[in-house]
Amino acid sequence: MSLPRSFYERDTVAVARDLLGCLLIHQEKAGTAAGRIVEVEAYLRDDPAAHSYRGMTERNRAMFGPAGHAYVYRIYGLHTCVNVVTGAEGTGEAVLIRALEPVAGIGLMQARRGRDDLISLANGPGKLTEALGITIDLDGASLSCGPLWIDPPTTPVEEIVQTTRVGITKAADLPLRFYLKGSRYLSRR
DNA sequence: GTCCTGATCCTCT
DNA sequence: GAGGATCAGGACG
754 MSLPRSFYER DTVAVARDLL GCLLIHQEKA GTAAGRIVEV EAYLRDDPAA
804 HSYRGMTERN RAMFGPAGHA YVYRIYGLHT CVNVVTGAEG TGEAVLIRAL
854 EPVAGIGLMQ ARRGRDDLIS LANGPGKLTE ALGITIDLDG ASLSCGPLWI
904 DPPTTPVEEI VQTTRVGITK AADLPLRFYL KGSRYLSRR
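End of the first sequence = 942 in my numbering, gap-free, step of one.
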């Protein structure tokens with residue numbers, strides 16, 4: 754059973770923290786692949802680093818849509834990143850999924866990534882979308898009915914570490930990155 | 001391990 | 001026309 758819409762309609766930082774330990778699952782003809790979320794970042798309203806900061810555009814439209822949907826975008830012309838839209842519709846807040854611990858469909862993930870070591874299969878936002886086969890087609894897709902969804906944790910969730918976000922130049926001092934302490938599958942420490 | 005670079009392209013200025 | 005919420009590979013120590 755996947756997380757209900759009400760899970761995503763809460764405060765974005767609370768959703769970000771609660772997503773840690775959950776399972777991100779993508780199912781398609783090639784098979785099903787899933788990973789345990791070990792690292793996320795929150796992007797808020799009035800946050801200069803957020804894509805929504807300068808208002809709605811064609812690219813970030815999904816970020817202003819209803820909670821519990823995916824916001825998928827392409828970065829640097831060649832990589833894809835996936836977010837979960839949070840909060841009330843129209844606020845433009847979301848949580849970026851940054852790293853996964855491979856759990857299921859590992860052979861499929863290895864084939865898609867073209868490498869075998871489990872650590873680097875999904876330890877980065879561009880890597881995990883490649884490993885799970887998440888493409889720009891899923892931008893705006895519901896996480897309640899479709900090939901992409903999130904399940905609650907199946908094992909105890911470790912201690913959460915809160916720190917600054919990765920790879921941004923604006924609002925770089927805000928502590929809006931969260932990860933599971935001690936995980937070997939982080940994009941960085 | 002750290003640092004640097006090239007790849008690659010669409011969006012917004 | 002500039003600049004990314006990135007990745008991989010190479011040089012170097």
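Glycine included, each C-beta is placed from N, C-alpha and C at the ideal position.
Nearest neighbour of residue i, chosen from the options [CA to CA]
i      : options                           : result
Asp890 : Phe760, Tyr796 and Arg827         : Arg827
Val914 : Asp904, His832, Ala783 and Tyr932 : Tyr932
Thr833 : Ser940, Gly821, Val793 and Ile887 : Ile887
Gly700 : Gln780, Pro906 and Pro905         : Not covered by the structure: residue 700. The range shown for the chain is 754 to 942.
Arg758 : Pro905, Pro909, Glu911 and Ala924 : Pro905
Asp799 : Glu911, Phe760, Asn813 and Ala924 : Ala924
His822 : Phe760, Glu912 and Gly877         : Phe760
C-alpha distance - residue i paired with residue j, whole-angstrom precision
i      : j      : result
Ala709 : Asp869 : A question about residue 709 goes unanswered here, because the residues of the chain that appear run from 754 up to 942.
Thr922 : Arg789 : 28 Å
Ala857 : Cys775 : 13 Å
Leu861 : Ala783 : 8 Å
Gly843 : Gly893 : 14 Å
Arg727 : Tyr796 : Here the chain covers residues 754 to 942 and nothing more, so residue 727 does not appear.
Ser897 : Met816 : 16 Å
Gly818 : Gly920 : 25 Å
Ala769 : Leu901 : 18 Å
Thr839 : Leu773 : 15 Å
Val910 : Ser936 : 11 Å
Thr908 : His804 : 33 Å
Leu756 : Lys934 : 23 Å
Gly830 : Arg812 : 14 Å
Arg866 : Thr765 : 30 Å
Ile872 : Val837 : 23 Å
Glu912 : Leu881 : 22 Å
Collapsed DSSP secondary structure at residue i in the structure displayed
i      : result
Glu794 : strand
Val825 : strand
Asp904 : strand
Gly879 : helix
Ser895 : strand
Ala864 : helix
Val910 : coil
Ile887 : coil
Thr765 : helix
Ala803 : coil
Arg814 : helix
Ile921 : coil
Arg937 : coil
Rounded Cβ spacing between residue i and residue j (contact assumed at less than 8 Å)
i      : j      : result
Val835 : Ile859 : Contact flag wrong, Cβ pair sits at about 19 Å.
Tyr938 : Glu883 : Tyr938 to Glu883, Cβ: 15 Å. No contact.
Leu777 : Leu885 : 7 Å
Ala802 : Arg918 : 7 Å
Arg930 : Glu762 : About 22 Å; that fails the 8 Å criterion.
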